[in-house]
Structure formats: C-alpha cells, structure tokens
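J.: With the numbering used here as the guide, the letters of the sequence shown map in order to residues 1219 to 1430.
Here a beta-carbon is modelled for each residue, glycine too, at the ideal position from N, C-alpha and C.
Note that the structure is predicted; figures quoted are calculated from it, not measured.
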Amino acid sequence: MSTPPTLQQTVFIIDDDADVRDALALLMRSAGLSAVTFAAARDFLARLNPRDSGCLILDIRMPGMSGMELQAEMHKRRIRLPIIFLTGHGDIPLAVKAMKAGAVDFIQKPLEEHRLVVAVMNALQFDARQSPLSAMTTPEQADRLACLSKREMDVLHEMIKGRQNREIAEALSITIKTVEFHRANIREKLGANSLPDLFRLVFQQQPSDPER
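Here is the structure:
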C-alpha cells in the first residue's frame, strides 16, 4: 500500500447512509488518514474552509443536493478538491459525466476496500501537486490515443457511453468477440486497466465543462 502523503490532508466522506459513512471513515483511519464525514452535501459546503486540502469520497446519488450538483457547485466556487464518486451499477452514464466535469475517479458498489484506498491515495497526491488546476493533457497521452485505429476509436466512444459489449456490437454491426478483441487492444495501447483509467485518459484531452 502507498505511503500516506505528508501534507495535512483530510478525506471528506459525504453519504446519506450512516453505516456507509462510519465504515468508510474507519477504513480511511486504518490507512493512517484523517477522515471527516457528512450526511449531506450542504452540510459539507457549510463546513468547508477554502484552505482545506485533501479529497472527497462522494455518493453520486443523495437526497437533497446530489453528488453531481455538489460537484457543479464546487466548480462555481472554484473549490478544487479532487472527487472520487461512489456509484451504483446503473450509474455509469452519470459517472462518465462526472469524469468529464473533472472527477478523478469513480468506484462502483459494492466497494473493494483496497481499490478505494489506492484511489484516495492517488487523489491526495494529485491534490498535493496541483497549483491552480490546469490542463492535464500530456504529449504521451495524446500519442497513445493517436495509436488507436478508427474501429478502436469507435469502440472506445461506445465504451465511454457506458455500453456493454452486446450493445456495442449492435451499434457497430460487429460481433461480440470482435468487440472483446478491440477492447483488449484499446486497454493495451492506452495502458488502461479499468474503465476509470480510460475515462481519465480520454477526458483529460479536453477542457472540463461542468455544464455539459
């Protein structure tokens, strides 16, 4: 497991489920991190200090102000804390939109503890590096995307819409095995091991647009 960053950073956990909040706070503290929990997005905004450093673990669906609405409000206030969204199985399209708006990761439920801790460590390192947040595109990332064939780009565009292999095959009039072949090539060429990795690579090629 990565060594926790040395800066004074806090993991802010926002979820309307008390059991989830308590479990996530315990997990973060067991990893040597400071954690503060909130039952609602507006409670977090009322408490937030502009000088706070750290990241958010944020449920994408909550009563009152949703996770997506909180993200948009943070954009308006120029609050740049990295966000890790927690999503249900049916929330992939929302997760895509969240990544386009600048979220650094999303984790699907049920949660894998190690996966979440690694994502939080990465978010904290990102927070420590950012000055004002600027474009994150690198020449290496652009070169990787340029290596994809036209058909691989077609498949990638369908993947980031949250479509499954069968849906992609139907949309492109190809077989499911062909989709699987292209997906494997895409991940190998882009060096991406998961859907969030792919989303980051694609969406870091364009400016964030919280209104899209």
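1) Please specify which runs of the alpha helix (DSSP H), each continuous and at least 4 residues long, are wholly inside the region 1250-1285, giving them in chain order.
2) Just the C-alpha distance for L1366 and K1407, rounded to the nearest angstrom, thanks.
3) Excluding sequence positions up to five away, which residues of its chain have a Cβ less than 6 Å from the Cβ of S1252?
4) Any chance you could list the beta strand (DSSP E) runs of at least 3 consecutive residues sitting entirely within the region 1221-1246, in chain order?
5) Using a Cβ-Cβ cut-off of 7 Å (strictly less than) and excluding sequence neighbours within five positions of M1364, which residues of its own chain qualify?
6) Residues in the same chain with beta-carbon distance under 8 Å from D1240, minus the five sequence neighbours each way, listed in chain order, please.
7) Between the Cα of E1389 and the Cα atoms of D1372, L1288, L1266, which residue gives the shortest distance?
8) Once DSSP output is grouped into helix, strand and coil, what is the label at L1299?
9) For the beta strand (DSSP E) that contains I1325, what are its first and last residues?
10) So for T1305, helix, strand or coil by DSSP?
11) By the three-class DSSP mapping on this structure, what secondary structure does R1381 have?
12) For a quick check, are the C-beta atoms of L1274 and I1310 less than 9 Å apart?
13) Hey, out of K1318, A1257, V1336, F1324, whose CA is closest to G1250's CA?
14) Between the Cα of A1321 and those of L1342, E1331, E1330, spot the shortest distance and give me the residue it belongs to.
15) Tell me the rounded alpha-carbon separation between M1219 and K1294.
16) With respect to the alpha helix (DSSP H) encompassing I1404, which residues constitute its N-terminal and C-terminal limits?
T.: The structure says:
1) Counting only runs of 4 or more, we get 1259-1265.
2) Their Cα atoms are separated by approximately 7 Å.
3) Same-chain partners within the cutoff: T1228.
4) 1228-1232, all fully within the region 1221-1246.
5) First, the residue type needs correcting, since residue 1364 is Ala and not Met in the sequence shown. Once the five neighbours on either side are set aside, A1364 has no close Cβ partner at all.
6) Only T1255 meet the Cβ criterion.
7) Note that residue 1389 corresponds to Ala in the displayed sequence, not to Glu. Nearest option by C-alpha distance: D1372.
8) Residue state, collapsed to three classes: coil.
9) Counting along the chain, the beta strand (DSSP E) containing I1325 begins and ends at 1323-1326.
10) Of the three classes helix, strand and coil, the one that applies to T1305 here is strand, per DSSP.
11) Reduced to three states, the DSSP call for R1381 is coil.
12) It is not a contact, given that the beta carbons lie outside the stated cut-off.
13) Closest by alpha carbon: V1336.
14) Of L1342, E1331, E1330, the residue nearest in Cα terms is L1342.
15) For M1219, the predicted structure reports a pLDDT of 40, less than 50, and the residue's modelled location is therefore unreliable. The matter cannot be settled from this model.
16) The continuous alpha helix (DSSP H) containing I1404 extends over residues 1394-1408.
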